[in-house]
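What follows is a single structure, written as structure tokens, with notes after it.
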Amino acid sequence: MEWADFTAGRTGDLHGRAIREMTNTTNTRRDTLFDVEEMELNFGPQHPSTHGVLRLKLKVDGERIVDCYPIIGYLHRGTEKLFELHPFFQNVPHTDRLDYVAAATNNLAYVGAVEKLIGLVVPPRARYIRTILCELQRISSHLLWLATHAIDIGAMTPFFYCFREREIILDLFEEYCGARLTLNCMRPGGQPFDLPVGWGERCAEFLDDFPSKIDEYEGLLTNNRIWKKRTVGVGVLPADLAQEYGVTGPMLRASGVQWDIRKAMPYEAYGDVEFDIPVTYNGDTYDRYLVRMEEMRQSVRIVEQCLDKLPDGLIMAKSPRVLKAPKQSDAYFSIEGPKGEIGFYLVGDGTPNPHRCRVRAPSFMNLQVVPILAKDQLLADMVAVLGTTDIVLGEVDR
Amino acid sequence: MFDLLATGAKMAVWMTVLLSVTPVMVWVERRGAALIQDRLGPNRVGPLGLFQSLADAVKLLFKEDIATLESDKFLYTLAPMLAVVPALTTFVVIPFGPDIEVAGRPVSLLVSEAETGALLLLALASLGVYSLVMAGYSANNKYSLMGAVRASAQMISYELALALSVVAALVPVGSLRLDHVVSYQQGTWWGFLPHWNLFPQFIGFLVFLIASFAETNRLPFDLPEAESELVAGYHTEYSSMKFSLFFMGEYMSMATLSILASTLFLGGWHLPGLDYSGWWVTAATTGLLVLMAKAALFLLLFVWVRWTFPRFRFDQLLRLGWKVLLPLAIANLVLVAALTVSGVL
Chain A
1 MEWADFTAGR TGDLHGRAIR EMTNTTNTRR DTLFDVEEME LNFGPQHPST HGVLRLKLKV
61 DGERIVDCYP IIGYLHRGTE KLFELHPFFQ NVPHTDRLDY VAAATNNLAY VGAVEKLIGL
121 VVPPRARYIR TILCELQRIS SHLLWLATHA IDIGAMTPFF YCFREREIIL DLFEEYCGAR
181 LTLNCMRPGG QPFDLPVGWG ERCAEFLDDF PSKIDEYEGL LTNNRIWKKR TVGVGVLPAD
241 LAQEYGVTGP MLRASGVQWD IRKAMPYEAY GDVEFDIPVT YNGDTYDRYL VRMEEMRQSV
301 RIVEQCLDKL PDGLIMAKSP RVLKAPKQSD AYFSIEGPKG EIGFYLVGDG TPNPHRCRVR
361 APSFMNLQVV PILAKDQLLA DMVAVLGTTD IVLGEVDR
Chain B
1001 MFDLLATGAK MAVWMTVLLS VTPVMVWVER RGAALIQDRL GPNRVGPLGL FQSLADAVKL
1061 LFKEDIATLE SDKFLYTLAP MLAVVPALTT FVVIPFGPDI EVAGRPVSLL VSEAETGALL
1121 LLALASLGVY SLVMAGYSAN NKYSLMGAVR ASAQMISYEL ALALSVVAAL VPVGSLRLDH
1181 VVSYQQGTWW GFLPHWNLFP QFIGFLVFLI ASFAETNRLP FDLPEAESEL VAGYHTEYSS
1241 MKFSLFFMGE YMSMATLSIL ASTLFLGGWH LPGLDYSGWW VTAATTGLLV LMAKAALFLL
1301 LFVWVRWTFP RFRFDQLLRL GWKVLLPLAI ANLVLVAALT VSGVL
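Here the protein sequences line up with chains A and B, keeping their order. Under the working numbering, the residues of the first sequence are numbered 1 to 398, in order. Under the working numbering, the residues of the second sequence are numbered 1001 to 1345, in order.
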């Protein structure tokens, strides 16, 4: 395929492109004036924009990517095996280190699975606190995504704006549980702490202020012509392909599939609050950007409502000192994390430790489509695609 | 002997300006970025962090000078030297003040009175790309190589548009000498509007401005060193003083292009209403200060744009160069030529 054809096909014929990519057509260049040699390029694990330690083996023809092969495992710590070695309570800190920029949602998915396995009923106040923490976590995760994605595309300034606001959220977390990143803020059966005095007001203050900050980011990017040129029509993910590969979260919703576990299978307090699920239909990098921006606004709505409705009462269920799962029991519990469906599958064998644990990590599933999206794109687009996938290697490698 | 001394003095002025522009601009850039990004920026070394650049320069001097094992040592060493050559030589044809009289002898504040003025300038400025290509090629790193390929494609695409907008600015003057361009721009239209090329040749000015962003590898056209794609592009493998030469080269060529833009489109050292007829020291200083003030506007624009925009993609950059800027530059040239022939300009 020649440059002209390649670039002409960029704007229209999006579905056709995706099909071409799926059917794995090899594009031979028509000009025979010069010998064309493809170069193998090692992209990462030490590269500024691989978002951690992802390594991509690229085959490039000039700037065009002929083939892309992700190699993972540089951050493998055997987390799933570690779960088997500790009692249910002690495993919560391990979950912090999966998606280390969204510890609260990991905590929730894990403790939810334990509660389901053992049959613990969480008091309503704890459910609300969990919802608040998870939505704040979603905002902070999306802020980090926007910051790094903007840097990938060359805009440095949004990074600092996003970190400015993320800092406030981390301060709120710190006030709640003492940690900023690896929160360890949930326990099977409830919450370890109640909200500190005045925390709700400080949180509400942030929520009042935050939508105007989102406007600020959008002012820099949404209608910026260079931003649109770099993202519209880049890395188009058709809905059927997304579903085949098990892509979830904002990636899926940007492709036009209205699937959000918070709505489909409400957990914690999501059944009690009103919020919308943003959906867009083009499935390109720009749409994924729009979806995530809107999700931050919706998260603000959710937290505001939760703070208003926060019920009184206990924060911890009555549970035995040592949690033991019934013999030959298993449970899968999944929630809508910032990056997609994060779920834990636990098998119990009557001991205080889980017999087996399996993590359904959204980043891992979403990463699978990167080679398809990156194929036939330019190197710069591949960086944009990688950024828009919002992967965290702690979760991919586990 | 007098001429030699005069030329030496003029060169000394330019060298001082260009060599001091890097530390000052680095400070301006970092503080400017901090201002835009809602943070403080360097503020530890000296008042307002003014000596940060000095500290950085010392640090870079003492860093280990690394060369990759497989690199082409000759080109690898030559490339950073070449990086500063265009920036340090193009000033020879740019005037920084009026013709003055020192000790009864006339002196024009222009290092070289070559008749080919602007042509010489374009030729010297074009040398810049060789350093990038050599650096990218010799380092034997794939990212460097891609940076070099990008650099050469980008320079070729944008130099044409840049040159054509320079040519358009020369057309009404009828001379290639930049001191003539400045004297042509003296005076006013209707008593208040300065007789600057900026107004009749606004398109040419914009083309020059955009092309100069590409020429200096500044965002949104910093593709040869796009750090999120190519790590550091052509200078990935450079360290220590070799790296800082590239760094200085970038800032000095920014300064040179800003000074050139002021000379071609904003009347150079001349500002209507200022008196340049007094003592020669005052006249020369006023001229230099006015030129620097105008150039500073462009330099601030460079900083402002860098911290506001995302980066273009390679193919978009080339398309903008060939399909938008070049036709615009040609149209501008034709328009200016027609206006000149018909006697309007």
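Positions of the beta carbon are idealized from the N, C-alpha and C atoms, including for glycine. From a predicted model like this one, the values you see are computed outputs, not experimental measurements.
Three-state secondary structure (DSSP) of residue i
{"i": "S1112 of chain B", "result": "coil"}
{"i": "V1107 of chain B", "result": "strand"}
{"i": "I391 of chain A", "result": "coil"}
{"i": "T28 of chain A", "result": "Confidence in T28 of chain A is poor, its pLDDT being 49 and thus under 50, which makes the residue's placement unreliable; the coordinate value appears in the next sentence. Three-state result, T28 of chain A: coil."}
{"i": "G190 of chain A", "result": "strand"}
{"i": "V1344 of chain B", "result": "coil"}
{"i": "E202 of chain A", "result": "Checking the displayed sequence, the identity of residue 202 of chain A turns out to be Arg instead of Glu. Correct three-state label for R202 of chain A: helix."}
{"i": "C134 of chain A", "result": "helix"}
{"i": "Y286 of chain A", "result": "helix"}
{"i": "Y1184 of chain B", "result": "helix"}
{"i": "G235 of chain A", "result": "coil"}
{"i": "L1018 of chain B", "result": "helix"}
{"i": "R1313 of chain B", "result": "coil"}
{"i": "G256 of chain A", "result": "coil"}
{"i": "E2 of chain A", "result": "In this prediction, E2 of chain A has a pLDDT of 41, which is less than 50 and means its spatial position is unreliable; nothing more can be read from the coordinates."}
{"i": "N1332 of chain B", "result": "helix"}
{"i": "K228 of chain A", "result": "helix"}
{"i": "W145 of chain A", "result": "helix"}
{"i": "M1081 of chain B", "result": "helix"}
{"i": "P1327 of chain B", "result": "helix"}
{"i": "V1133 of chain B", "result": "helix"}
{"i": "I65 of chain A", "result": "strand"}
{"i": "D381 of chain A", "result": "helix"}
{"i": "L310 of chain A", "result": "coil"}
{"i": "F1247 of chain B", "result": "helix"}
{"i": "L1048 of chain B", "result": "helix"}
{"i": "D1222 of chain B", "result": "coil"}
{"i": "T222 of chain A", "result": "coil"}
Pick from the options that is closest to residue i, judged by C-alpha positions
{"i": "I129 of chain A", "options": "A:Q191, A:V114, A:A331 and A:R138", "result": "A:Q191"}
{"i": "G387 of chain A", "options": "A:I65, A:A150 and A:A126", "result": "A:A150"}
{"i": "Q258 of chain A", "options": "A:V291, A:D284 and A:V236", "result": "A:V291"}
{"i": "N1141 of chain B", "options": "B:V1231, B:L1274, B:A1163 and B:F1314", "result": "B:V1231"}
{"i": "S1277 of chain B", "options": "B:A1337, B:F1243, B:H1180 and B:E1101", "result": "B:E1101"}
{"i": "I65 of chain A", "options": "B:W1027, B:E1229, B:M1134 and B:I1203", "result": "B:E1229"}
{"i": "V392 of chain A", "options": "A:G271, A:L373, A:A361 and A:V300", "result": "A:A361"}
{"i": "P326 of chain A", "options": "A:K116, A:G154, A:K57 and A:M251", "result": "A:K116"}
{"i": "L1333 of chain B", "options": "B:V1111, B:N1197, B:L1299 and B:R1313", "result": "B:N1197"}
{"i": "A1125 of chain B", "options": "B:G1268, B:W1307 and B:M1252", "result": "B:M1252"}
{"i": "G283 of chain A", "options": "A:L307, A:S255 and A:R297", "result": "A:S255"}
{"i": "V1111 of chain B", "options": "B:V1024, B:F1246, B:D1065 and B:M1015", "result": "B:M1015"}
{"i": "G44 of chain A", "options": "A:F206, A:A264, A:D61 and A:G73", "result": "A:G73"}
{"i": "G1273 of chain B", "options": "B:T1188, B:G1343, B:P1327 and B:A1337", "result": "B:T1188"}
Endpoints, alpha helix (DSSP H) assigned at residue i
{"i": "G112 of chain A", "result": "A103 to I118"}
{"i": "S1165 of chain B", "result": "K1142 to L1170"}
{"i": "E1284 of chain B", "result": "For clarity, residue 1284 of chain B is Ala in the given sequence; the question names Glu instead. From DSSP, the alpha helix (DSSP H) with A1284 of chain B extends over W1280 to R1306."}
{"i": "Y345 of chain A", "result": "Note, Y345 of chain A: premise wrong, no alpha helix (DSSP H); beta strand (DSSP E) at G340 to G348."}
{"i": "V370 of chain A", "result": "V370 to A374"}
{"i": "I1203 of chain B", "result": "F1202 to E1215"}
{"i": "R164 of chain A", "result": "T157 to C177"}
{"i": "E1070 of chain B", "result": "No alpha helix (DSSP H) holds E1070 of chain B; DSSP gives it neither H nor E."}
{"i": "H94 of chain A", "result": "V92 to D96"}
{"i": "T79 of chain A", "result": "T79 to L85"}
Residues bridged to residue i [DSSP beta-bridge criterion]
{"i": "N400 of chain A", "result": "With chain A covering 1 to 398 only, the question about residue 400 of chain A has no answer from this structure."}
{"i": "I71 of chain A", "result": "A:R55"}
{"i": "E1101 of chain B", "result": "B:P1106"}
{"i": "L1193 of chain B", "result": "B:W1189"}
{"i": "M316 of chain A", "result": "A:G190"}
Segment limits, beta strand (DSSP E) that includes residue i
{"i": "A331 of chain A", "result": "S329 to G337"}
{"i": "C485 of chain A", "result": "This structure leaves residue 485 of chain A out entirely; chain A is present only between 1 and 398."}
> What are the residues of the region 47 to 64 of chain A that lie near chain B, defined by any Cβ-Cβ distance shorter than 9 Å?
Replying inline: H47, P48, S49, V60, G62 and E63
> Using Cβ-Cβ distances below 9 Å, what residues of the region 1201 to 1224 of chain B are close to chain A?
Replying inline: So the close ones are L1219, P1220, D1222 and L1223.
>> If the cut-off is 8 Å on Cβ atoms, which residues from the region 1027 to 1055 of chain B count as contacting chain A, listed in chain order?
In response: Those residues of the region 1027 to 1055 of chain B that come within reach of chain A (Cβ to Cβ, closer than 8 Å) are A1033, I1036, Q1037, D1038 and R1039.
> Which residues, taken in chain order from the region 1228 to 1250 of chain B, show a beta carbon closer than 7 Å to some beta carbon of chain A?
Replying inline: Cβ contacts with chain A come from S1228, E1229 and V1231.
> In chain order, what residues of the region 1291 to 1318 of chain B put their CB closer than 7 Å to some CB of chain A?
Replying inline: W1307, T1308, F1309, P1310, R1311, F1312, R1313, F1314, D1315 and Q1316
> When Cβ atoms are compared, which residues of the region 259 to 287 of chain A fall closer than 8 Å to chain B?
Replying inline: Within the region 259 to 287 of chain A, contact with chain B at the beta-carbon level (separation under 8 Å) is assigned to no residue.
> Using a beta-carbon distance cut-off of less than 8 Å, what residues from the region 222 to 237 of chain A approach chain B?
Replying inline: N224, I226, W227, K229 and R230
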